[in-house]
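The structure appears right after this line, and notes come after that.
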């Protein structure tokens, strides 16, 4: 079920009503309702894959108990390894089977040998990358003794399948989020209002901004072979804002939906395009995934408490895995590797020149922001391109056929959408979330009028545009 669909517009208010006015403040009834609603939400896409979700939930529930009860460290590691093998095995099979088979055939073909094995095209279950990592955080946290295993199976299953963040995050750490399912929750009108505003702004970013930008981006990348470098550069910059509006829009709707039900999810984005370095960018972009990799991969590898060569290896391993997590394609691997390489260069550069941005020097800081955005925009080309060849061809044309004055006037509308997004976020820069909130300088009637206008923009774009799937649903 899509957040930007009529079905969800009916589903969420219905769940909200039953949750608060029928289930009441009874946490067991609330969790049971959330579990049933989440299964329905996920099954709306394809009910056949519900079995995987139920199976992994049950296995990790009992494995965590076995880890806690194990009489020796060897047995604890054995039960943890079983959880890792089950979760990562399923993830690798569904996500990378086709990729490995195609790569195998291509490798033999390059040697002049034609391979034609009998293979089955594997469908990727939606959200498997996200809920797998959330389940792993539970067994890993129990193993590290950060939390005790829960005995409430319904509460645990509701945590794993929580529909606002089931298919595209944020990825929650069990030790931080699971306790919210085990305590009593009471309705808060103020929290519900904040939730509605988050949902509204998320829909604006997705439907009004991202889906409109997608029209231009898709056209430019589709016709990259006949367009000049200036248009391709514009298309890459437009994609940078498209994917931000698309994914952060999803995250805002997820946060808002969770708040309507009395839950607090972690903030997944924090104005990433004002970052002054790639290192800072990854503290602002897809924060929950960055935190997951830092805590469960980067730090266990040794983090930065090792020699510089070993630290460099840790960084590259983390970003290569991150790239592969995003998709079964060498374009994603290169995308991750380039981000890791940029972080290494930033570190070596700062060690060599002791360079730091002066907080009061706005011109220097603006230059650093522009530099970081330029780098991320070029790296996004590998993320968006359908092949390595297409990515390199686009970059080649940007540097060799940059024809000034070749932009279509229709592109001005796309630029206006970006300016609109930037202005809204700038006006909300002092707020916890990028939404309009009542202030002493903003009358309530003006706030209401703004929300009405934003709602009308969402309705207008919903009518005139196709409903595009959220980009991160493919991961």
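Numbering (our numbering), first residue to last: 46 to 520.
Heads up, the beta-carbon is just placed ideally off N, CA and C, and yes, glycines get one too.
- Excluding residues up to 5 positions away in sequence, 112, 121 and 125 lie with their Cβ nearer than 7 Å to the Cβ of residue 188 in the same chain.
- A direct Cα-to-Cα measurement between residue 225 and residue 272 gives close to 52 Å.
- Assigned with DSSP and collapsed to three states, residue 115 falls in coil, not helix or strand.
- Listed in chain order, the non-local C-beta contacts of residue 214 below 6 Å within the same chain comprise 175 and 333, local neighbours out to five positions each way being set aside.
- Look at residue 269 here: in three-state DSSP terms it is coil, with no helix or strand label.
- When secondary structure is reduced to three states using DSSP, residue 461 falls in the helix class.
- From the listed residues 375, 216 and 356, the smallest Cα separation to residue 392 is found for 356.
- 8 Å or more divides the Cβ of residue 184 from the Cβ of residue 136.
- Residue 498 counts as exposed, since fewer than 16 other beta carbons sit within 10 angstroms of its beta carbon.
- By the criterion of a C-beta distance shorter than 8 Å, residue 211 is surrounded in its chain by 83, 86, 87, 172, 175 and 176, once the five residues flanking it on both sides are discounted.
- For residue 235, the number of other beta carbons within 10 angstroms of its own is below 16, and it is reported as exposed.
- With fewer than 16 other Cβ atoms inside 10 Å of its own Cβ, residue 138 counts as exposed.
- Sequence-distant partners of residue 463 (beyond 5 residues in either direction) whose C-beta falls short of 7 Å from its own C-beta, in its chain, are 286.
- Closest option to residue 282, judged by alpha-carbon separation, among 75, 119, 318 and 409: 318.
- Considering only 503, 416 and 180, the residue with the shortest C-alpha distance to residue 205 is 180.
- Of all alpha-carbon atoms in 223, 258, 409 and 193, the one lying nearest the alpha-carbon of residue 207 is that of 223.
- Within the same chain, 335, 384 and 388 come within 8 Å of residue 327 by CB-CB distance, once the 5 residues on both sides are set aside.
- In the three-state reduction of the DSSP assignment, residue 212 falls in the coil class.
- In the assembly as shown, residue 209 is a buried residue. Its beta-carbon has 16 or more other beta-carbons within 10 Å.
- One alpha carbon belongs to residue 106, the other to residue 502, and they sit about 44 Å apart.
- Taking 8 Å as the upper bound for CB-CB distance, residue 363 and residue 394 are not in contact here, some 20 Å apart.
- Sequence-distant partners of residue 301 (beyond 5 residues in either direction) whose C-beta falls short of 6 Å from its own C-beta, in its chain, are 240, 243 and 244.
- Within the same chain, 46 and 171 come within 7 Å of residue 90 by CB-CB distance, once the 5 residues on both sides are set aside.
- In this structure, residue 305 lies near residue 61, with their beta-carbon atoms less than 8 Å apart.
- Its Cα nearest to that of residue 367, the residue 343 stands out among 347, 352, 343 and 351.
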